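Using numbering that gives the first Met the number 0, you'd call the opening residue of the sequence shown number 0 and step up by one each time. One structure is given below, encoded as C-alpha cells.
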Amino acid sequence: MLVLLLSASFMFAASAQDLHQDFVAAVQNGDVQGAIDSYEDLQERVAKDEEDIQRDIQKAYEKNDRQLYYNAMADLRSLEGYAISQSETDSLLRAIVNSDSDQAGEWAAWLYENSRYYHPRLSFSVDVSSASYSHSYRRSISVAPGSEITLPTAEDLSVNSSAAGVLTGWGITPDEVTYAAGETITMPYTDQTLFAVFTSSVSFSDGEGGEDTVFTDVAEGDVIQIPSPAQNDGAIFEGWYDSSSGQYLSPDETEYTVRGMGASFEALYIKAEASEVTTGHYDVDSVPTGVQIPLTFTLANSGSEDIQGVDITVSSDSGYARLMNTSAYLRTMRAGQDYSLRNVILVISSDCPAGTVIPLTVTMSVSDGNTFTSTFDLTTR
0 MLVLLLSASF MFAASAQDLH QDFVAAVQNG DVQGAIDSYE DLQERVAKDE
50 EDIQRDIQKA YEKNDRQLYY NAMADLRSLE GYAISQSETD SLLRAIVNSD
100 SDQAGEWAAW LYENSRYYHP RLSFSVDVSS ASYSHSYRRS ISVAPGSEIT
150 LPTAEDLSVN SSAAGVLTGW GITPDEVTYA AGETITMPYT DQTLFAVFTS
200 SVSFSDGEGG EDTVFTDVAE GDVIQIPSPA QNDGAIFEGW YDSSSGQYLS
250 PDETEYTVRG MGASFEALYI KAEASEVTTG HYDVDSVPTG VQIPLTFTLA
300 NSGSEDIQGV DITVSSDSGY ARLMNTSAYL RTMRAGQDYS LRNVILVISS
350 DCPAGTVIPL TVTMSVSDGN TFTSTFDLTT R
C-alpha cells in the first residue's frame with residue numbers, strides 16, 4: 000500500500016509549467032512570499048527536469064539518435080523561459096517597496112540573487128566648479144540591498160579643500176546633508192544618487208586620540224587658532240597637513256589664515272615601536288639557560304608618516320644575558336606597516352637562577368635625531 004501511495008504521489012507531482020503559473024499568479028497578486036515559495040519549488044522542478052534531459056542527451060549520443068537529441072535540446076531550451084522576467088522583477092520590486100512587512104529586506108535580497116534584472120545602484124556625485132578650479136567625480140556601486148556601505152570621505156575624493164571647502168557629508172539633494180562622510184549605511188532597494196555637500200570650514204583631525212576641531216562659516220583671510228595636538232606617549236608630533244591642497248603647518252605654528260573655502264588638516268605623527276618578541280619554540284615566561292635562543296621582534300610604524308633611516312639595536316642590562324646579531328638598519332619604515340627583526344640570538348648563563356627576569360631593550364634611532372625604545376621581559380625556567 001505504501002508503494003502505491005508513493006507512486007501515485009510521484010505521478011501527480013506538479014510540472015514546471017504548473018509551478019510557473021503559480022509563480023506568475025502570485026506576482027500578479029502582489030504576494031511576494033507566495034511568489035518566492037512558488038519560484039523555489041519551480042527551481043527544484045527545473046533542476047529535476049534538467050537531470051532527466053541530460054540523461055536523454057546521453058542516450059541520444061549512445062544510440063546515435065538524432066531526433067532524440069533535438070527533442071532533448073528543445074526541452075532544455077524551454078526551461079530557460081522560466082527565469083524571472085523584467086516585468087516580473089518590476090512587479091515584485093513594486094510590491095516589496097510598498098510593503099510594511101519586516102521581511103521586505105529579505106525579499107529584496109532574494110530578488111537580487113534570483114533576477115538578472117534587479118541590480119540597484121547607489122551613485123555618488125561630486126561637482127565643484129569655480130573660476131580657477133573644477134572637479135567632477137562619479138562612482139556607482141551595485142550590491143545586494145541591505146548590505147552595509149561606507150560612504151566616501153574627503154580623502155577618497157581628492158578634492159582641493161581650499162577651492163571647494165570641506166566635505167560635510169552626502170545628501171539626497173545637493174544642498175542638504177543626509178549622511179556624514181564615512182558613515183555606514185545600508186544599500187537601498189532602488190537606484191539612488193547621493194550628492195557631496197561642501198561647506199566653508201577648516202577642520203583639524205587628530206588620529207592619535209586628540210579631539211577633532213571644526214571651524215565653520217569661515218571666510219578667506221580669517222585667522223583661527225590651531226588646536227593643540229594630543230599628548231601621546233611614544234608618538235612625536237610633526238605638524239598638520241591638508242593632503243588635498245598640499246598646505247602644511249609646522250608644529251610651532253599657533254595660527255592659521257584661511258585660504259579660499261577652507262582646509263581639512265590631519266595631524267602628522269611618527270611613532271616606531273617593537274610590538275612583540277618571540278623566542279623560537281620557547282615560552283617567553285619560561286626560557287631555558289645555557290642554550291641559544293632565537294629572538295624575533297615585530298617592529299611597527301604606527302604613526303601617520305614614513306620614517307627614514309632607522310638604526311635598530313637590541314640590548315640587555317642583565318649580567319646573565321649575552322646577545323649576538325644585535326643590530327639592523329631599515330632605510331624606510333612605511334606608515335602602518337610591520338617589519339620583522341630576525342636572527343638575534345640570546346644566550347643566558349647556565350648559572351642564572353630560575354625565575355630570573357631578563358630585560359630586553361629595542362632602540363630605534365632615526366636619522367632626524369628622534370629615538371624610540373621598547374622593552375620586554377623574559378623569565379627563566
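Note that the Cβ used here is the ideal one computed from N, Cα and C, for glycine as well. Bear in mind the structure is a predicted one, so any value in this text is a computation, not a measurement.
Kindly indicate the opening and closing residues of the alpha helix (DSSP H) around residue i.
i	result
Arg137	Taken as a continuous stretch (DSSP letters only), Arg137 belongs to no alpha helix (DSSP H), being part of the beta strand (DSSP E) at 133-140.
Ser90	85-96
Gln107	A small fix is needed here, since residue 107 is Ala in this sequence, not Gln. First-last of the alpha helix (DSSP H) with Ala107: 103-113.
Leu156	153-156
Asp21	15-27
Which value, in whole angstroms, describes the spacing of the CA atoms of residue i and residue j?
i	j	result
Met323	Thr312	11 Å
Ser128	Ser202	21 Å
Asp155	Asp310	35 Å
Thr277	Asp284	11 Å
Ala266	Val213	14 Å
Val45	Trp106	22 Å
Gly181	Gln85	34 Å
Ser314	Tyr328	15 Å
Gly368	Ile306	11 Å
Ala163	Thr198	8 Å
Gln224	Gln246	16 Å
Asp51	Ala25	28 Å
Gly104	Ala143	10 Å
Val125	Thr295	48 Å
Pro358	Pro287	15 Å
Ile148	Tyr178	12 Å
Asn97	Ser133	40 Å
Asp241	Val361	33 Å
Who are residue i's beta bridge partners in DSSP?
i	result
Val383	The displayed coordinates of the chain run from 0 to 380. Any statement about residue 383 would go beyond what the structure contains.
Val125	Tyr136
Glu182	According to DSSP, which records beta bridges pairwise, Glu182 is partnered with nothing at all.
Asn300	Ala271
Glu254	Gln224
Gln66	DSSP, once it has assigned bridges, lists no residue as partnering Gln66.
Thr288	Partner(s): none; Thr288 has no beta bridge.
Tyr281	Thr278
Gln191	Leu121
Val217	Answer is none; Val217 lacks a bridge partner.
Gln246	Asp241
Going by DSSP in three states, residue i sits in which element: helix, strand or coil?
i	result
Ser161	helix
Arg120	coil
Arg321	strand
Ile225	coil
Glu79	helix
Ser8	Summary for Ser8: the model assigns pLDDT 44, below 50, so the residue's position carries little reliability, and this model does not support an answer.
Met260	coil
Ala71	helix
Leu294	strand
Val201	strand
Thr360	strand
Leu150	coil
Glu265	strand
Thr355	coil
Can you say whether residue i is buried or exposed, counting buried as having 16 or more other CB atoms within 10 angstroms of its CB?
i	result
Arg380	exposed
Val290	exposed
Ser100	exposed
Ser373	buried
Thr167	buried
Met0	Any reading at Met0 needs caution, since the residue's pLDDT is 46, under 50, leaving its predicted position unreliable; the model's value is listed next. By the 10 Å Cβ count, Met0 comes out exposed.
Pro228	buried
Ala15	buried
Val356	exposed
Ala195	buried
Would you kindly report the start and end of the unbroken beta strand (DSSP E) that includes residue i?
i	result
Leu271	The residue you asked about is not Leu; residue 271 is Ala in the sequence shown. Residues 271-277.
Met332	326-332
Tyr338	337-347
Val399	What the structure shows of the chain is the stretch from 0 to 380, and residue 399 is not part of that stretch, so it cannot be assessed.
Glu175	Premise fails: Glu175 is in no beta strand (DSSP E) and is neither H nor E.
Gly238	235-241
Ser373	370-378
Thr312	306-314
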